[in-house]
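Peer 1: In our numbering, the protein residues as written are -18 to 147. Encoded as structure tokens, here's the structure I'll be asking about.
Right under this line is the structure:
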């Protein structure tokens, strides 16, 4: 591990000498990730993308992509776009990246089960804003908005996200 790795600990997420409070999946960390299990997968993931809402915040880094009204993430295991960015309209099950609430105003995507997604192995493991401290996610890692912005400004494509076994 290096200071440039994002490392989940029992106290929060460690990155570049700082420790950030965070929320993880409602069911904790799992070694056997499945679609919809509400758990954060253990292992090593890498940051693959940075998305932001240009109508709500400034571009956090030069490589960030704006989230538009038609941006989706497919979570249907039987669809060819499973665990990939997609565009509306999409009849398959999906998440809208452009949400009414602020949770996805800034998203760091990971390579969990990507790019060659195994159906049912889990999708959309993001780093995003939390609802409130201690409120579990569907499997993502979530932070206070200022902390997420700080992380997004310093992370790069390929930055490792390390989630140890519980």
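Idealized CB from N, CA, C, for every residue including glycine.
1) Alpha carbon to alpha carbon, what distance is there between residue 120 and residue 8?
2) Do residue 87 and residue 39 have their C-beta atoms closer together than 8 Å?
3) Would you call the segment 113 to 132 and the segment 55 to 72 touching, i.e. three or more CB-CB distances under 8 Å?
4) Within the chosen definition, does the segment 18 to 37 reach the segment 55 to 62 through at least 3 CB pairs nearer than 8 Å?
5) Rounded to whole angstroms, what is the Cα-Cα separation between residue 113 and residue 0?
6) To the nearest angstrom, report how far apart residue 106 and residue 90 are at their CA atoms.
7) Could you tell me the boundaries of the beta strand (DSSP E) in which residue 66 lies?
8) Taking the alpha helix (DSSP H) that residue -5 belongs to, which residues open and close that run?
9) Considering only residues of the segment 54 to 124, which uninterrupted beta strand (DSSP E) runs meet the minimum length of 3 residues and lie entirely inside it, listed in chain order?
10) Quick one: what does DSSP say residue 126 is sitting in, helix, strand or coil?
11) Could you please give the first and the last residue of the uninterrupted beta strand (DSSP E) stretch that includes residue 27?
12) Rounded to a whole number of angstroms, what is the C-alpha to C-alpha distance between residue 84 and residue 109?
Peer 2: Once the coordinates are examined:
1) Within the chain shown, numbered from 1, the residue matching residue 8 stands at position 27. Within the chain shown, numbered from 1, the residue matching residue 120 stands at position 139. Their backbone Cα atoms lie some 8 Å apart in a straight line.
2) Here residue 87 refers to the residue found at position 106 when the chain shown is read from its first residue. Here residue 39 refers to the residue found at position 58 when the chain shown is read from its first residue. No, they are not a contact pair.
3) Between the segment 113 to 132 and the segment 55 to 72, the count of C-beta pairs closer than 8 Å stays below three; the two stretches do not touch.
4) The segment 18 to 37 vs the segment 55 to 62: no contact.
5) For the purposes of this step, residue 113 is taken as the residue at position 132 of the chain shown. For the purposes of this step, residue 0 is taken as the residue at position 19 of the chain shown. Between residue 113 and residue 0, the C-alpha separation is close to 17 Å.
6) Residue numbering aside, residue 106 sits at position 125 when the chain shown is read from its first letter. Residue numbering aside, residue 90 sits at position 109 when the chain shown is read from its first letter. Distance between the alpha carbons of residue 106 and residue 90 is about 7 Å.
7) The residue given as residue 66 occupies position 85 in the chain shown. It spans 66 to 68 - the beta strand (DSSP E) in which residue 66 sits, taken as one unbroken run.
8) To locate residue -5, count along the chain shown from 1; it is residue 14. Element bounds for residue -5: not the alpha helix (DSSP H) but the beta strand (DSSP E), -7 to -4.
9) Whole beta strand (DSSP E) segments, 3+ residues: 66 to 68, 75 to 77, 87 to 91, 107 to 110, 122 to 124.
10) In the chain shown, residue 126 corresponds to position 145, counting from 1. Here DSSP, grouped into helix, strand and coil, assigns residue 126 to helix.
11) For the purposes of this step, residue 27 is identified with residue 46 of the chain shown, where counting begins at 1. Looking at the DSSP string, the run of the beta strand (DSSP E) that includes residue 27 is 24 to 33.
12) Translated into positions along the chain shown, residue 84 becomes position 103. Translated into positions along the chain shown, residue 109 becomes position 128. Between the alpha carbons of residue 84 and residue 109 lies a distance of about 6 Å.
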